[in-house]
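To start, the structure itself, in structure tokens.
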Amino acid sequence: MKQIATLLFSFLLVFSVQAQKPRPDAFPPVPDTLAPKVVNMASTLEEMASWDRYPTYEVYVAMMQRFAADYPSLCHLDTIGTSVQGRLILSLAITGSNPTDNYRPEFLYSSTMHGDEVTGFYLMLRLCDTLLSSYGTSAEITNLLDRVRIYINPLSNPDGTYRSGNHTVAGSMRYNANYVDLNRNYPDPFGTDPLNPLQVENEAMIQYVQNHHFRLSANLHGGSEVMNYPWDSFTSFQQLNEHATWWKEVGKRFVDTCRIYDSQRFRDVTSSGYINGGDWYVISNGRQDYFNYYHNMREITMELSSAKTLSSDRLPHYWHCMSHSLINYIKEILAIPNDTPVDITEPANNNAFRVYPNPTHGHVTVVTPSNVYHYNLSNRPAGIYFLTVEGRPVKVVKL
Ligand SMILES: [Zn+2]
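Each residue of the sequence shown is one higher than the last, beginning at 330 in the working numbering.
Here you go:
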């Protein structure tokens, strides 16, 4: 039963040095001494009305509940799961009055898996409010909600955001409560096992995605301003994403629209404002590549503000220059062909390959849902190899 695997030596790129500047997103959390000058918190729902504060954890949860209570015909509140410390990971499902309608494509926004990157957290709450309050008055929004099922998860790492307590986002951190970087913790489709066990926050997110059929999504971060499209695991030279041309167009549209309102945005990584993730900095075990590879879903990483935690008085400006781009990005789903028809009542299939040990000194085992394969790289030089297993590339690091 053992199938023949092919070693692709042409991709042998041993410890190649990245010429790009280091990914700011990879730096440790900003020390509290460098925290922004103003972090005003809203400790009541009323204090969020002017949209120039961050919500406390209790106000955040109350806002999500309020959306569902105020617009029962448009949305309902999903609990994706709970964090290590028991905080809620919530998603507002703006799916209309008929949530079982199988015809509209499903879209997902998810923010702040790095707890200190809170611009997206704020923007997503404000997006929920705008979409719901504009239905029936704005033809653009009404048409969008009638055509797309939109899921918005403003905060996927609440323990990191509220590390200092539920009352403030000052002192937030990148990691979850186990000090694990959630964006280095997903199963890697190209072969490297994460350093840490799958964290509950990510396990819940994977389950949520498996129970839907998201055709398009975005994963919101901060620390830079750039549209980071797949793959993160490879440079474009090593392996170009099949939709790379489309991603560039999408990135350009997002950035160009934003720059109508503020010409200085999205300039700290590339002049274009978009980049192939691996050309910026190669990472393993990121969420973007996992969802693109396994879930018939297109996900981009949006880095939305150079400051991870913006001064709260700057938040309205970021909404002003990004809201149109955020809404337009949802519309991009309508141009994606549904090339694999699916019944959304059936959970999506997730057939992860397990690869171990990886890195290896020689022997490596690949377990697929139907087979177990053994390879021996003992006589090969150290480097990165790609095994073709059941038609998929599997990345193996030979020590
Ligand atoms: Zn991040």
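Built from N, CA and C at the ideal position, the CB exists for glycine as well. All of these numbers come straight from a predicted model, not from anything done at the bench.
For Y383, the nearest candidate out of M393, A391 and S372 (CA to CA): S372
Beta-carbon contacts of P670 that lie in its chain and below 7 Å, excluding the five residues immediately before and after: Annotation note: pLDDT 41 at P670 (below 50); position unreliable, coordinate value reported separately. Contacts found: none.
Terminal residues of the beta strand (DSSP E) in which R395 lies: No beta strand (DSSP E) holds R395; the alpha helix (DSSP H) holding it covers Y386 to D399.
For Y619, the first and last residue of its enclosing alpha helix (DSSP H): R616 to Y623
8 Å contact criterion, which R478 and E435 should meet: CB distance rounded: 5 Å
Contact set for S654: own chain, Cβ-Cβ below 6 Å, skip 5 residues either direction: F583, T586 and C587
Buried versus exposed, by CB contacts within 10 Å (16 or more), L716: buried
When I656, N512 and R709 are compared against F620, the one with the closest alpha-carbon: N512
Which of helix, strand or coil DSSP assigns to S462: helix
Chain-order list of residues whose beta-carbon lies under 8 Å from that of T411 (same chain, five-residue window excluded): L417, I418, V529 and A533
Distance CB(S553)-CB(E632) smaller than 8 Å: yes
Whether M392 touches L374 by CB criterion (8 Å): yes
Beta-carbon spacing of A422, D407 below 8 Å: yes
Euclidean distance between Cα positions of L473 and E661: 11 Å
Reduced DSSP category for A468 - H, G, I as helix; E, B as strand; rest coil: helix
Validate contact between the region 708 to 722 and the region 503 to 517 using beta carbons, cut 8 Å, 3 pairs: no
Chain D within 8 Å of V726, Cβ atoms only: In summary, chain D is missing from the structure at hand, where a single protein chain is found.
Nearest neighbour of L437, chosen from V447, S613, Q414 and H541 [CA to CA]: H541
Pairwise C-alpha distance: H550 and Q593: 18 Å
Assumed close pair V726, T564 - CB separation to whole angstroms, cut-off 8 Å: Not confirmed; about 16 Å, so no contact.
Nearest to R616 (by Cα), restricted to the options D510, L403, Y389 and L454: D510
Nearest candidate by alpha-carbon position, reference Y464, set C404, N369, M370 and S600: C404
Candidates G444, F450 and R455, of which the one nearest S652 by Cα: R455
Length of the line joining the Cα atoms of G449 and L706: 44 Å
Nearest-angstrom Cα separation, counted from A573 out to H624: 17 Å
Integer-rounded CB distance, given that Y389 should sit under 8 Å from L484: 7 Å
T697 - DSSP class collapsed to helix/strand/coil: coil
Anticipated Cβ contact below 8 Å, D618 with S699, distance rounded: No, D618 and S699 are not in contact; Cβ-Cβ is about 23 Å, not under 8 Å.
Between the CA atoms of T694 and Y702 - distance to the nearest angstrom: 6 Å
CB-CB length for S641 against N369, believed under 8 Å: 4 Å
Heavy atom of ligand 1 within 7 Å of G444 beta-carbon: no
Given Y610 as reference, the closest of Y647, N557, Y658 and D597 once Cα atoms are compared: N557
Contact test: N512 Cβ vs ligand 1 heavy atom, cutoff 7 Å: yes
Exposure of Y432, with buried meaning 16 or more beta-carbon neighbours within 10 Å: exposed
Counterpart residues of K724 in DSSP-defined beta bridges: F715
E469 versus N531, G415 and I659, residue with shortest Cα-Cα distance: I659
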